[in-house]
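Okay, so the sequence shown: first residue is 2 according to my numbering, each after it adds one. Ideal Cβ positions, reconstructed from N, Cα and C, are used throughout, including at glycine.
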Amino acid sequence: MPHPLKILFSFIFLSPFAFYLSPSSSAQPTKIISLWPTTVPSESHPKSPDVISTDHGGNVTRVAAVTDPVLEVFEPYGGNSTGVGVVVCPGGGYSILAIDLEGYEVASWLNSLGITAFVLHYRVPGNPAGALMDAQRALRVVRNEYCNRAPYLKKIGIMGFSAGGSLSARTSTRYRDKTYEPVDEADNFSARPDFTMLIYPAYLDQGPDRSLTPELKVDARTPPMFLFETADDPYGNSALVMAGALRDAKVPVELHFLPKGGHGYGVRPGNPAAETWPDLAGKWLNQFVTGQTQPYP
Numbered sequence: 002m003p004h005p006l007k008i009l010f011s012f013i014f015l016s017p018f019a020f021y022l023s024p025s026s027s028a029q030p031t032k033i034i035s036l037w038p039t040t041v042p043s044e045s046h047p048k049s050p051d052v053i054s055t056d057h058g059g060n061v062t063r064v065a066a067v068t069d070p071v072l073e074v075f076e077p078y079g080g081n082s083t084g085v086g087v088v089v090c091p092g093g094g095y096s097i098l099a100i101d102l103e104g105y106e107v108a109s110w111l112n113s114l115g116i117t118a119f120v121l122h123y124r125v126p127g128n129p130a131g132a133l134m135d136a137q138r139a140l141r142v143v144r145n146e147y148c149n150r151a152p153y154l155k156k157i158g159i160m161g162f163s164a165g166g167s168l169s170a171r172t173s174t175r176y177r178d179k180t181y182e183p184v185d186e187a188d189n190f191s192a193r194p195d196f197t198m199l200i201y202p203a204y205l206d207q208g209p210d211r212s213l214t215p216e217l218k219v220d221a222r223t224p225p226m227f228l229f230e231t232a233d234d235p236y237g238n239s240a241l242v243m244a245g246a247l248r249d250a251k252v253p254v255e256l257h258f259l260p261k262g263g264h265g266y267g268v269r270p271g272n273p274a275a276e277t278w279p280d281l282a283g284k285w286l287n288q289f290v291t292g293q294t295q296p297y298p
């Protein structure tokens, strides 16, 4: 029996007991994995440390340049793992990475659910093609490191915010694309995420009719998705067109669309959307990903 498609338009503010974080509550990484052991593909400049912007507006730490893409690994507290991992893609318009707001603080939330978080430092500024290589490589490296040997993870998903949502959507629909030459044994693994979460994604629509961008080729093998958006987000149509494409392809999808919240709020309290989506996403993960009786492949 095919799994039902699920699209929910939530116009009320749900559970007040959702998990919230302050910027100071982010966890510390247990490991840092360099994605490219030698040279970075399609790059002429040598690797160098991340450049941190001096702009801390909105109490956000911004990574202004990445030339040595890495994964920062955040493991659940006390070893209380569900056997699930998530590659986290911070946003920033492909110009910067909002590394704390949409990276470290999200990792803390995932850890509270027993999920291992892998915060991706993908190439910026202005390198969407390189970012896709980094995301594909990240999924393969995680599978090689964590699905092939202890500590074992059974499922690896991807989630992203704003431009990181764009990158997550591109990775979820273009995992078959050969964007770089194989580097090592990790590239024998699939770059297809087992599931995807897009939180206020951007850049998924284009043209006068604001339809799904042709780059995103949704089909029956696209991973199941959780999407969250608000009506007052200027990029709000992105989640709508993606949900419609998933529905048409008969891919399981859950969409929540709230009236207010804007854009770029992460999991910080004081914003109605930020105080709602973690609870909804946690329930979705528990029901369909980390739970024992879940219908998604």
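If you reduce the DSSP assignment to three classes, tell me which class residue i lands in.
i, result
"Pro77", "coil"
"Lys284", "helix"
"Ser163", "strand"
"Glu230", "strand"
"Ser23", "Because Ser23 carries a pLDDT of 35, less than 50, the predicted location of this residue cannot be relied on, and no value is offered for it."
"Leu205", "coil"
"Ala130", "helix"
"Ala250", "coil"
"Phe196", "coil"
"Ala139", "helix"
"Val107", "helix"
"Ser113", "helix"
"Arg63", "strand"
"Gly86", "strand"
"Phe289", "helix"
"Glu186", "helix"
"Glu276", "coil"
"Ser54", "coil"
"Ala240", "helix"
"Leu217", "coil"
"Ser212", "strand"
"Ala118", "strand"
"Ala99", "strand"
"Ser173", "helix"
"Gly245", "helix"
Where residue i and residue j are concerned, what is the direct C-alpha to C-alpha distance, given to the nearest angstrom?
i, j, result
"Ala232", "Gly158", "26 Å"
"Thr55", "Asp210", "39 Å"
"Arg144", "Ala187", "7 Å"
"Leu22", "Thr180", "Confidence at Leu22 is low in this model, with a pLDDT of 35, below 50, so its placement is unreliable and the value that follows should be read with caution. Cα-Cα distance, rounded: 36 Å."
"Asn189", "His46", "27 Å"
"Pro70", "Trp37", "7 Å"
"Leu168", "Leu140", "13 Å"
"Leu98", "Asn112", "21 Å"
"Leu199", "Val290", "15 Å"
"Lys48", "Asp249", "43 Å"
"Cys148", "Arg138", "15 Å"
"Val89", "Gly104", "6 Å"
"Ser212", "Ala275", "27 Å"
Quick check on the burial criterion: 16 or more other C-beta atoms within 10 angstroms. Buried or exposed for residue i?
i, result
"Gly267", "buried"
"Phe109", "Reading the sequence as shown, one finds Ser at residue 109 and not Phe. So Ser109 counts as buried."
"Arg150", "exposed"
"Arg177", "exposed"
"Ser81", "Sequence check: residue 81 is Asn here, not Ser. Counting Cβ neighbours within 10 Å, Asn81 comes out exposed, since fewer than 16 surround it."
"Ile33", "exposed"
"Ser25", "Only weak support is given to the placement of Ser25: the predicted model assigns it a pLDDT of 40, under 50, and the question is left unresolved by the model."
"Pro183", "exposed"
"His257", "buried"
"Gly265", "buried"
"Gly292", "exposed"
"Tyr78", "exposed"
"Thr277", "buried"
One question on the structure: do residue i and residue j come within less than 8 Å of each other, judged by their Cβ atoms?
i, j, result
"Thr214", "Leu247", "no"
"Val64", "Asp51", "yes"
"Val85", "Lys156", "yes"
"Ala118", "Phe75", "yes"
"Leu102", "Gly283", "no"
"Val254", "Ala221", "no"
"Tyr201", "Phe229", "yes"
"Val87", "Met134", "no"
"Gly166", "Pro91", "no"
"Asp1", "Asn238", "Past the edges of the chain, shown from 2 to 298, lies residue 1, and the structure says nothing about it."
"Tyr95", "Gly59", "no"
"Pro152", "Phe196", "no"
With a cut-off of 8 Å on the beta carbons, I'd call residue i and residue j a contact; round off their distance for me.
i, j, result
"Tyr123", "Ala130", "With a Cβ gap of about 11 Å, Tyr123 and Ala130 do not count as contacting."
"Leu121", "Leu72", "6 Å"
"Lys125", "Gly93", "Reading off the sequence, residue 125 comes out as Val, not Lys. Their Cβ separation, rounded to whole angstroms, is 7 Å, which keeps Val125 and Gly93 in contact under 8 Å."
"Ala203", "Thr172", "Rounded, the Cβ-Cβ distance is 15 Å, inconsistent with contact."
"Met243", "Ala136", "No, Met243 and Ala136 are not in contact; Cβ-Cβ is about 17 Å, not under 8 Å."
"Pro273", "Lys261", "6 Å"
"Ile116", "Thr83", "6 Å"
"Thr174", "Leu217", "5 Å"
"Asp234", "Gly263", "6 Å"
With a cut-off of 8 Å, does the C-beta of residue i fall near any C-beta of chain B?
i, result
"Val268", "No chain B is present in this structure, which holds just one protein chain."
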